[in-house]
């Protein structure tokens with residue numbers, strides 16, 4: 006009898022500040038990591054057999070499209086991109102922000118709406134800038150949330 010498939014970490018790698026942390030958790034739990042990039046920024050995967058680098062065609066949303074198409078209900082999408090998280094959730098997959106916020110079917114709608122409001126406010130000049138930089142507490146929260154989510158994904162994979 007074949008062993009059940011294990012979850013994979015599908016990482017939106019171009020701007021991911023927690024690649025090393027994701028690889029560390031995956032290595033401890035025996036999960037595969039797929040780093041997806043459009044090649045706009047150099048991404049150097051660590052030389053370990055469970056990490057694979059996928060370089061998609063350049064262009065807006067090409068990496069997102071690959072991740073969304075690849076996502077299975079037991080996989081975990083790691084991204085700061087709220088629409089990508091929504092696409093992965095729609096396929097039954099798990100989704101986690103780089104700052105450790107789990108995206109769920111309960112909170113993704115309001116996150117998408119908030120994203121649109123912020124975009125509009127930036128367009129009219131009412132606000133500027135992007136998200137706050139990553140801090141140590143963010144990485145700690147990410148590690149804890151990823152471990153919890155990975156355990157849930159493993160339980161889901163085992164049926």
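Numbering (my numbering), first residue to last: 6 to 164.
We treat Cβ as the ideally placed atom computed from N, Cα and C, and that holds for glycine.
Please read all numbers here as calculations on a predicted model, not as lab measurements.
Close-in-space but distant-in-sequence residues of the same chain around residue i (CB under 8 Å, 5 per side omitted)
i	result
residue 42	18, 19, 48, 58, 59, 60, 61, 68
residue 46	19, 20
residue 154	81, 99, 101, 107
residue 162	9, 10, 11, 12, 79
residue 96	73, 76, 77, 78
residue 53	28, 32
Beta-carbon proximity list for residue i, same chain, < 6 Å, skipping 5 on both sides
i	result
residue 80	12, 13, 15, 98
Nearest-angstrom beta carbon gap, residue j and residue i [assumed within contact, 8 Å]
i	j	result
residue 100	residue 84	7 Å
residue 152	residue 30	6 Å
Minimum C-alpha distance to residue i - residue among the options
i	options	result
residue 138	30, 56, 103	103
residue 71	93, 78, 54	93
residue 24	33, 51, 159	51
residue 113	155, 87, 27, 55	87
residue 109	124, 118, 90, 119	90
residue 159	37, 118, 28	37
residue 44	26, 33, 63, 132	63
residue 26	132, 164, 118, 149	149
As assigned by DSSP and simplified to three states, the class of residue i
i	result
residue 132	coil
residue 21	coil
residue 54	coil
residue 107	strand
residue 46	coil
residue 29	helix
residue 94	helix
residue 14	strand
Cutoff 7 Å; reference residue i; Cβ partners in own chain excluding five residues on either side
i	result
residue 22	103, 139
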